[in-house]
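Asks:
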Amino acid sequence: MIFEQIATGGCQSYLVGCPDGCVAALIDPEIRQIDRYLGALQRDGLRLRYVIDTHTHADHFSAAHEIAKRLGVAVVTHRDSPAPYAELRLQDGDMLVIGNIKLHAIHTPGHTRDSMCLLTSDRLFTGDTLLIGATGRTDLPTGDPDALYESLFNGILKLDPALKIFPAHDYKQRSSSTIADELANNPRLQKRDRVEFVEMMRHLNLTAPTHLTEALRTNMTGGKTVAQLLAEAGAKTPFMSLAELSARVARSRDIVVLDVRERDAYAAGHVPGARHLPRGQLELRVNDELPDPTARIVTVCEFGKISTLAAATLRDLGFLRAAALDGGMKGWREGGLPVETT
Ligand SMILES: [Fe+2]
């Protein structure tokens, strides 16, 4: 078996491949590592058959949908997953066949209703049901401490104690553990009484994960993150540096500086000679404001992000010389460059 564990911060993804069948499954991929997964598959001569999310992640961005689109493979989730892009929805007892490798789905609700663990001969991919020295939390949407108790103590903890466990998260650079080790040392598993366990889980007082809303939105719908949207706009837009724009503004007017911030921000201070067209009105007013599609346009916003979206929109509209100011007005002011007020 080809096995690779790929860590991204605290997230753990797993590539499981069969060298005989040249096929693989990818478990809990993370959005920033897509190229790394694709590289690993190519390096090992593997064709991806399944991309699997062990549950709806609330704290990071799943790459399952994007990889599935790119490679034409099925996204696998538990049957209870809300993700509309999941093509293969498993129930407890279902099995995936990846060449010589068999992955058995065990439904383990608790951290989320759609949590599942995946069992091969010698290892268990536990998602966030069981972590090294911890368990998944149960205070996020669809979490249920009583169900987690059941999934652990009457479920996966009854499997072979020698079984290696590989969780979806580890924040201390540990790669794996065993059922026996966790039973002996995991502080959360020392509460073996159901009522005590549930009480403990209800009073963990954990802080909400960063990006909770965005992670749930994108993982539940297959939509894009704001960072993805910006990256896509940035990939089809050139930028202009602060120094370059400053030099060009000083020596000629053969450039349209388009400030796309709101009126108050524009009035408080803009690049000398900049015209004002808020991002929200760009499509409405473009025909009146920008009649010449050959004009060289540099869009400006506060931080250089909204101006990237604006420049990308202009390029889509046919302004093929549109660019965005790198660093935005914040960089412009901090660089001590001249500011005009109205
Ligand atoms: Fe999770």
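The numbering of the sequence shown is the numbering used here, which starts it at 1158 and goes up by one.
Backbone N, C-alpha and C fix where the C-beta goes; we use that ideal spot for every residue, glycine too.
1. Who are residue 1416's beta bridge partners in DSSP?
2. Any contact of the stretch 1361 to 1373 with the stretch 1216 to 1225, i.e. 3+ C-beta pairs under 8 Å?
3. Using the Cα positions of residue 1339 and residue 1195, report the straight-line distance between them to the nearest angstrom.
4. Quick check on residue 1442: buried or exposed, where buried means 16 or more other Cβ atoms within 10 Å of its Cβ?
5. Is it buried or exposed, residue 1455, if we count other Cβ atoms within 10 angstroms and call 16 or more buried?
6. Find the nearest neighbour of residue 1242 within the set 1304, 1233, 1250, judged by alpha-carbon distance.
7. Closer than 7 Å to a non-hydrogen atom of ligand 1 - does that hold for the CB of residue 1368?
8. For residue 1231, which residues does DSSP report across the bridge?
9. In three-state terms, what does DSSP make of residue 1158?
10. Locate the beta strand (DSSP E) running through residue 1242, then write down its first and last residues.
11. Can you tell me where the beta strand (DSSP E) with residue 1321 in it begins and where it stops?
12. Can you round the beta-carbon distance between residue 1395 and residue 1480 to whole angstroms, since I take them to be within the 8 Å contact cut?
13. Could you pull the start and end residues of the alpha helix (DSSP H) that residue 1336 belongs to?
14. Tell me, please, which residues DSSP counts as bridged to residue 1554.
15. Less than 7 Å between the CB of residue 1285 and some heavy atom of ligand 1, yes or no?
16. Around the C-beta of residue 1460, are 16 or more other C-beta atoms found within 10 angstroms, so that it is buried, or is it exposed?
17. With a CB to CB cut of under 6 Å and the five nearest residues on each side skipped, what residues in its chain are close to residue 1180?
18. Per DSSP, residue 1247 forms a beta bridge with which residues?
19. Assuming residue 1185 contacts residue 1171 under a Cβ cut-off of 8 Å, what Cβ separation, rounded to an integer in Å, is found between them?
20. Just to confirm before moving on: does the CB-CB distance between residue 1321 and residue 1308 stay below 8 Å?
21. Taking just the CA atoms, how far does residue 1281 sit from residue 1522?
22. Alpha carbon to alpha carbon, what distance is there between residue 1385 and residue 1393?
23. Any heavy atom of ligand 1 inside 7 Å of the beta-carbon of residue 1215?
24. Measure the C-alpha to C-alpha separation of residue 1403 and residue 1492 and round it to an integer number of angstroms.
25. Can you check which of these residues, 1168, 1301, 1433, is closest to residue 1359 by C-alpha distance?
26. Does the distance between the C-beta of residue 1325 and the nearest non-hydrogen atom of ligand 3 fall short of 7 Å?
27. What I want to know is whether the C-beta of residue 1293 ends up closer than 7 Å to one or more non-hydrogen atoms of ligand 1.
28. When you measure from the CB of residue 1212 to every non-hydrogen atom of ligand 1, does any distance come out below 7 Å?
29. Considering only the beta carbon of each residue, do residue 1252 and residue 1211 sit closer than 8 Å?
30. Taking 7 Å as the cut-off, is the CB of residue 1261 close to at least one heavy atom of ligand 1?
31. May I ask which residues mark the beginning and end of the beta strand (DSSP E) holding residue 1259?
32. Quick check on this structure: which residue in 1183, 1174, 1187 has the alpha carbon closest to the alpha carbon of residue 1382?
33. Say yes only if the C-beta of residue 1235 is nearer than 7 Å to one or more non-hydrogen atoms of ligand 1, and no if none qualify.
34. Give the secondary structure of residue 1310 by DSSP, where H, G and I count as helix, E and B as strand, and everything else as coil.
35. Taking all protein chains shown into account, decide if residue 1464 is buried (16 or more other Cβ within 10 angstroms of its Cβ) or exposed.
Replies: With the given structure in hand:
1. Taking the first residue of the sequence shown as 1, we reach residue 1416 at position 259. Its beta-bridge partners are 1433, 1457.
2. yes
3. One-based indexing of the sequence shown puts residue 1339 at position 182. One-based indexing of the sequence shown puts residue 1195 at position 38. Straight-line measurement puts the Cα of residue 1195 at about 33 Å from the Cα of residue 1339.
4. As a first step, residue 1442 is located in the sequence shown; it is residue number 285 there, counting from the start. Residue 1442 comes out exposed.
5. Reading the sequence shown from its first residue, position 298 is the one you call residue 1455. By the 10 Å Cβ count, residue 1455 comes out buried.
6. Residue 1242 sits at position 85 when you count from the first residue of the sequence shown. The shortest C-alpha separation from residue 1242 is found at 1233.
7. In the sequence shown, residue 1368 corresponds to position 211, counting from 1. No, ligand 1 has no heavy atom inside 7 Å of this Cβ.
8. The count along the sequence shown starts at 1 and reaches residue 1231 at position 74. Beta-bridge analysis with DSSP links residue 1231 to 1207.
9. Here residue 1158 corresponds to residue number 1 of the sequence shown, with the count starting at 1. Residue 1158 falls in the coil class under three-state DSSP.
10. In the sequence shown, residue 1242 corresponds to position 85, counting from 1. No beta strand (DSSP E) holds residue 1242; DSSP gives it neither H nor E.
11. Against the sequence shown, residue 1321 aligns to sequence position 164. Note, residue 1321: beta strand (DSSP E), 1321 to 1324.
12. Residue mapping note: residue 1395 aligns to position 238 of the sequence shown, counting from 1. Residue mapping note: residue 1480 aligns to position 323 of the sequence shown, counting from 1. The Cβ separation is near 5 Å, so the contact holds.
13. Taking the first residue of the sequence shown as position 1, residue 1336 is located at position 179. Where residue 1336 is concerned, the enclosing alpha helix (DSSP H) stretches over 1336 to 1342.
14. Outside the shown range of the chain (1158 to 1499) lies residue 1554, about which nothing can therefore be said.
15. As a working note, residue 1285 is residue 128 in the sequence shown. Yes, ligand 1 has a heavy atom inside 7 Å of this Cβ.
16. Numbered from its first residue, the sequence shown carries residue 1460 at position 303. Counting Cβ neighbours within 10 Å, residue 1460 comes out exposed, since fewer than 16 surround it.
17. Position 23 of the sequence shown, counted from the first residue, corresponds to residue 1180. Excluding positions up to five away in sequence, the list reads 1204, 1206, 1255, 1256.
18. The sequence position of residue 1247 within the sequence shown is 90, counting from 1. Answer is 1235.
19. Position 28 of the sequence shown, counted from the start, is the residue given in the question as residue 1185. Position 14 of the sequence shown, counted from the start, is the residue given in the question as residue 1171. That pair is a contact at about 7 Å.
20. Locating residue 1321 in the sequence shown gives position 164, counting from the first residue. Locating residue 1308 in the sequence shown gives position 151, counting from the first residue. No.
21. Past the edges of the chain, shown from 1158 to 1499, lies residue 1522, and the structure says nothing about it.
22. For the purposes of this step, residue 1393 is identified with residue 236 of the sequence shown, where counting begins at 1. For the purposes of this step, residue 1385 is identified with residue 228 of the sequence shown, where counting begins at 1. Computed Cα separation, rounded: 13 Å.
23. Residue numbering aside, residue 1215 sits at position 58 when the sequence shown is read from its first letter. Yes - ligand 1 has a heavy atom lying nearer than 7 Å to the Cβ of residue 1215.
24. Numbered from 1 along the sequence shown, position 246 holds the residue referred to as residue 1403. Numbered from 1 along the sequence shown, position 335 holds the residue referred to as residue 1492. Distance between the alpha carbons of residue 1403 and residue 1492: 10 Å.
25. Locating residue 1359 in the sequence shown gives position 202, counting from the first residue. Measuring from the Cα of residue 1359, the nearest candidate turns out to be 1301.
26. Absence of ligand 3 is noted for the structure shown, with ligand 1 being the only ligands found.
27. Numbered from its first residue, the sequence shown carries residue 1293 at position 136. Yes, the beta carbon of residue 1293 sits closer than 7 Å to at least one heavy atom of ligand 1.
28. Position 55 of the sequence shown, counting from 1, holds the residue named residue 1212. Yes, ligand 1 has a heavy atom inside 7 Å of this Cβ.
29. Position 95 of the sequence shown, counted from the first residue, corresponds to residue 1252. Position 54 of the sequence shown, counted from the first residue, corresponds to residue 1211. It is not a contact, given that the beta carbons lie outside the stated cut-off.
30. Indexing the sequence shown from 1 puts residue 1261 at position 104. Checking the Cβ of residue 1261 against ligand 1 gives no.
31. For the purposes of this step, residue 1259 is taken as the residue at position 102 of the sequence shown. Here the beta strand (DSSP E) through residue 1259 covers 1258 to 1264.
32. Indexing the sequence shown from 1 puts residue 1382 at position 225. Checked all of 1183, 1174, 1187; the closest Cα to residue 1382 is 1187.
33. Taking the sequence shown and counting its residues from 1, the one referred to as residue 1235 is at position 78. Checking the Cβ of residue 1235 against ligand 1 gives no.
34. By 1-based counting over the sequence shown, the position of residue 1310 is 153. Helix, per DSSP.
35. Locating residue 1464 in the sequence shown gives position 307, where the first residue counts as 1. It counts as buried.
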